[in-house]
Amino acid sequence: MKAAAMAGILSVALGQHAIHAQRQSPQRWYWQRGPADLVLRHGRVVTMDARQPEGEAVAVAGHRIVAVGTDTDLQRYIGPTTRVVDLRGRLLIPGFIDAHAHFMGIGQSLKQLDLTKAHTWDDIVQMVAAAAKQAKPGAWIEGRGWHQAKWDRSPEPNVDGLPYNDSLSRVSPNNPVILTHASGHGIIVNAKAMELAGIGPTTPNPPGGEIVRDARGHAIGMLRDRAAGLVRRVQQQQLDTRTPAEVEADAEETVRLAAHDLASKGVTTASDEGESFKTIDFLKTLVGRGQVPIRLWVLVNGESPEDLAAKLPSYWLDGYGDDHLSVRGIGEITADGALGTHSAWFLKPYTDDPSTSGLNVTPVARIRQMAEIALKDGFQVSVHAIGDRANHEVLDLFEAIFKAHPEARDLRWRIEHAQHLTAADIPRFAQLHVIASMQALHACSDGPYVVQRLGEARAAEGAYAWRKLMDRGAIIANGTDAPVEDVDPIPNFDCAVTRRLKDGRTFFPDERMTRAEALRSYTLNAAYALFQDDRLGSITPGKLADLVVLSKDIMTIPAGQIGTAKVDQTYVGGKLVYERTVTSGGGQ
Ligand SMILES: [Zn+2]
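As numbered in the working numbering, residues 81 to 668 make up the sequence shown, in order.
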């Protein structure tokens, strides 16, 4: 542990001056002579380590893996105090690493109405009606995860498939309501929320956002992208009136809910795509107290370039709290919006709405300013780009910065989503060493309307183009964008290898990943994207013992059954952080 702490200090010291900090080789921990603390055996171990791809057993001492091999090989690690787990033939893999999630958002979403499974707009109105009956006077009612494309029928009347908020305002006349779109790029609010935010018939669209109006100019309650800020600001002002103790208790609950959700789904490390300096301080306190059972990679979401420039250098963290918290990147920089809301930024207009090519949310010059600051301090840059124009602009920007700074190496800058690409931009990811941070499940969620939005040719050219990217040498790191999608890796892995849509169709099957590629994208590649591949991402002696036991072998069972696999056990640093209670008839 001391050595790990020293390594942490060393990296902190180097981090601000050298882009590529010295790293200790995992091999240092290889020579374990006495008995191990934990041996998992009689299983099928898939390691993601090319030097020893498979085994039957794993031995763990302290936080680290000390050996992988056959049951017979590892017998010598079993002593009188060793905890021995019989895997009964089950699959043991490295813990899943979600390279793009919103950790605090996951916790917050677990406190909100879950609208992801609503079949109609009326279902949602009924859920809000029930919540309004329970709510304290004036309290905000929040829901998230609705998607108009997932409803059985369009609401009537509607604008672009979106409902009018009248029914919402009727069931909740006094409590403001905010219902966030599945993409996170728009909200539906009720009349009370609009009244509090002062949105009236003449309120102009804020830059980078849209107050959706019907043909007569009447605002229907939908606020796209930056327009959502008009209501969120008022909500925040009310939240700011809470006492510090109330705020802290609420945030602790958020962390507890999120960490439990992740551990129960086999996610041992999660990225948080962007938090304020204040939230990072809070997370550091909780990690220091040992209150966060999983590992976090938190990107900084600075308020402004000036804010970033002032504070970034003092926020560098590499493996704080026994490798439970690292802060060495900036994120939540959105080049554009989302496909679902017609706000992803394209080179050519949308096929189903030729009046728009989407939105540039953060001006490219401003992204450049933030990226330059991050580069100076040795921080990773992570930019959200969905449309082909947004991806093109960000690749151009990264290329220009890399050319201007040939001394900077191993930056591992990332494009989040990299969802729609022109053929010419696909090879640039590998050429520029830019990580394609993609969320496989988005392909299966969006699949039903991608061709409608973009047309067949554009979709075939570069929509969720995993195979084309991998064939050109790009590194794809997988994730879920939770709470946009559920953080559960099983459906995500399933979509990565099948691209099967709910209606049974297969969405551009040539772009599927093999199972080994899908697992790699979710372990070793994700670890690489988080600068953690020296200590995480594979079952390798010397690395941290983050392990997952699955009820079914997702690497070999028929593709149609992948979705039925369950997480039986999750270990973080050799510590059991989740175990499924198997009811009779369960198990295998
Ligand atoms: Zn995201």
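Ideal Cβ positions, reconstructed from N, Cα and C, are used throughout, including at glycine.
Residue i versus residue j - alpha carbon distance
{"i": "Thr150", "j": "Arg131", "result": "15 angstroms"}
{"i": "Thr349", "j": "Pro281", "result": "46 angstroms"}
{"i": "Lys216", "j": "Asp433", "result": "42 angstroms"}
{"i": "Asp526", "j": "Phe587", "result": "10 angstroms"}
{"i": "Gly185", "j": "Ala504", "result": "35 angstroms"}
{"i": "Asp387", "j": "Ser351", "result": "22 angstroms"}
{"i": "Leu491", "j": "Leu190", "result": "34 angstroms"}
{"i": "Gln446", "j": "Pro385", "result": "According to the sequence as given, residue 446 is Arg; it is not Gln. Roughly 8 angstroms between the two C-alpha positions."}
{"i": "Thr644", "j": "Pro286", "result": "45 angstroms"}
{"i": "His497", "j": "Asp240", "result": "24 angstroms"}
{"i": "Ala454", "j": "Gly382", "result": "11 angstroms"}
{"i": "Asp398", "j": "Ser406", "result": "5 angstroms"}
{"i": "Val577", "j": "Thr594", "result": "6 angstroms"}
{"i": "Leu501", "j": "Phe482", "result": "21 angstroms"}
{"i": "Thr283", "j": "Phe357", "result": "32 angstroms"}
{"i": "Val657", "j": "Ala343", "result": "6 angstroms"}
{"i": "Leu303", "j": "Glu536", "result": "29 angstroms"}
{"i": "Arg408", "j": "Val367", "result": "16 angstroms"}
{"i": "Ile268", "j": "His182", "result": "21 angstroms"}
{"i": "His143", "j": "Leu512", "result": "35 angstroms"}
{"i": "Lys646", "j": "Trp425", "result": "38 angstroms"}
{"i": "Gln155", "j": "Leu120", "result": "11 angstroms"}
{"i": "Ala390", "j": "Met450", "result": "12 angstroms"}
{"i": "Tyr602", "j": "Ile413", "result": "23 angstroms"}
{"i": "Thr152", "j": "Ser618", "result": "22 angstroms"}
{"i": "Trp109", "j": "Glu452", "result": "Any answer about Trp109 is weak, because its pLDDT of 47 lies below 50 and its placement is not dependable; what the coordinates show is given next. Rounded to the nearest angstrom, the two C-alpha atoms are 37 angstroms apart."}
{"i": "Ala211", "j": "Asp330", "result": "19 angstroms"}
Identity of the residues DSSP links to residue i by a beta bridge
{"i": "Thr414", "result": "His464"}
{"i": "Ala516", "result": "Ile495 and Ile556"}
{"i": "Asp194", "result": "Arg224"}
{"i": "Gln155", "result": "Answer is none; Gln155 lacks a bridge partner."}
{"i": "Pro287", "result": "Answer is none; Pro287 lacks a bridge partner."}
{"i": "Trp201", "result": "DSSP, once it has assigned bridges, lists no residue as partnering Trp201."}
{"i": "Glu659", "result": "Gln649"}
{"i": "Ser406", "result": "Trp377"}
{"i": "His500", "result": "Ala543"}
{"i": "Glu355", "result": "Val380"}
{"i": "Asn440", "result": "Asp416"}
{"i": "Ile177", "result": "Thr349"}
{"i": "Glu134", "result": "Val126"}
Closer than 7 angstroms: residue i CB and nearest ligand 1 heavy atom
{"i": "His227", "result": "no"}
{"i": "Val564", "result": "yes"}
{"i": "Arg265", "result": "Residue 265 is actually His in this sequence, not Arg. No, since every heavy atom of ligand 1 falls outside the 7 angstroms radius drawn around the Cβ of His265."}
{"i": "His180", "result": "yes"}
{"i": "Asp561", "result": "yes"}
{"i": "Glu355", "result": "no"}
{"i": "Glu487", "result": "no"}
{"i": "Glu275", "result": "no"}
{"i": "Glu591", "result": "no"}
{"i": "Glu452", "result": "no"}
{"i": "Glu496", "result": "yes"}
Beta-carbon proximity of residue i to residue j, cut-off 8 angstroms
{"i": "Ala565", "j": "His522", "result": "In the sequence as displayed, the identity of residue 565 is Glu instead of Ala. Cβ atoms of Glu565 and His522: closer than 8 angstroms."}
{"i": "Val378", "j": "Ala415", "result": "no"}
{"i": "Asp673", "j": "Gln519", "result": "No answer is possible for residue 673: the residues shown for the chain start at 81 and end at 668."}
{"i": "Pro429", "j": "Ser423", "result": "no"}
{"i": "Pro571", "j": "Arg224", "result": "no"}
{"i": "Val126", "j": "Met550", "result": "no"}
{"i": "Val148", "j": "Asp117", "result": "no"}
{"i": "Asn255", "j": "Gly301", "result": "no"}
{"i": "Leu347", "j": "Ile374", "result": "The question names Leu, but residue 347 in the sequence shown is Val. Contact: yes."}
{"i": "Ile556", "j": "Ala516", "result": "yes"}
{"i": "Pro243", "j": "Pro253", "result": "no"}
{"i": "Arg448", "j": "Leu477", "result": "yes"}
{"i": "Ile145", "j": "Lys623", "result": "yes"}
{"i": "Val514", "j": "Trp546", "result": "no"}
{"i": "Trp201", "j": "Trp231", "result": "yes"}
{"i": "Glu134", "j": "His122", "result": "no"}
{"i": "Phe573", "j": "Ala596", "result": "no"}
{"i": "Phe459", "j": "Ile410", "result": "yes"}
{"i": "Ala307", "j": "Gly289", "result": "yes"}
{"i": "Asp305", "j": "Leu439", "result": "yes"}
Contact with chain D by residue i, beta-carbon distance below 8 angstroms
{"i": "Ser247", "result": "Structure shown: chain D not included; a single protein chain is present."}
(request) Mind listing, in chain order, the continuous alpha helix (DSSP H) runs of no fewer than 4 residues lying wholly within the stretch 560 to 597? (result) 569 to 578
(message) Just to confirm the assignment: which complete beta strand (DSSP E) runs, minimum length 3, are found wholly within the stretch 226 to 310?
(response) 257 to 261, 266 to 269, 289 to 293 and 299 to 305
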